[in-house]
Structure formats: structure tokens, C-alpha cells
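To convert, count from 1 in the sequence shown and add 7; that's this note's numbering. I have placed the structure first, in the form of C-alpha cells, so that the comments after it can refer back to it.
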Amino acid sequence: MRIIDCYSETSDIGPDIAIFETENSGFTLLMSRSGDPYDHMKVYFDDEEILEGQRAKEILELVSSAKNELDEEASAIFIGIRNAIEKSI
8 MRIIDCYSET SDIGPDIAIF ETENSGFTLL MSRSGDPYDH MKVYFDDEEI LEGQRAKEIL
68 ELVSSAKNEL DEEASAIFIG IRNAIEKSI
């Protein structure tokens, strides 16, 4: 598995996005940066499932082992998403 790209939407409250490619398919992680205290810094799997508890732990292990050839900016975005997942375990 490898990380294809990490980027932020253009607005200050737009989400951070990480796109992963697996052997058979891929998935996207989206981290909300909205001002809403309920949603702020939550990570979503494929824009639907909020990662929490055991599921967050599973995804964290998976993405931590992904091949990472990101530039400095994209790497910082990925680290932010990874840190948010760690906090939701």
C-alpha cells in the first residue's frame, strides 16, 4: 500500500485529504477542520465512517505502514491526519 497524495482544500476550514492505494483498490481519509466543535479534527474513512476506537486503531496501523514518498507539505498533512486518528483511539 502507498500514499498517493495528501492535500488541503483551499479554504481555511476545508478538509485535509489523504488518498491511499492498496493492492486491490484504495481509500480516502478526510480530516475535518471546520469550526464546528463536534466535527473539528475528526477523521472520516471514505468520507462516511468516523474513525473511532478499534476501527481507528486498525486504520492507524494500516496507514502507518504505507509507503510514503510525499513532499514536505504533503507529509505534514499526513502527520496531522495520523495524529488525529491516534487521539480518537
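The C-beta atom is built at its ideal place from N, Cα and C for all residues, glycine as well.
Inter-segment contact for the segment 69-81 and the segment 8-23 is present: three or more beta-carbon pairs are separated by less than 8 Å. Shown here for GLY87: same chain residues with a beta carbon closer than 8 Å to its own, the five before and five after excluded, namely ASP23, MET38 in chain order. For GLU76, no alpha helix (DSSP H) encloses it, and the DSSP letter there is neither H nor E. Excluding five sequence positions before and after GLU59, the CB atoms of its chain that fall closer than 7 Å to its own CB belong to SER95, given in chain order. Contact between TYR14 and ILE66 is absent: CB atoms are separated by about 19 Å, not below the 8 Å threshold. A direct Cα-Cα distance of roughly 8 Å separates VAL70 from ARG89.
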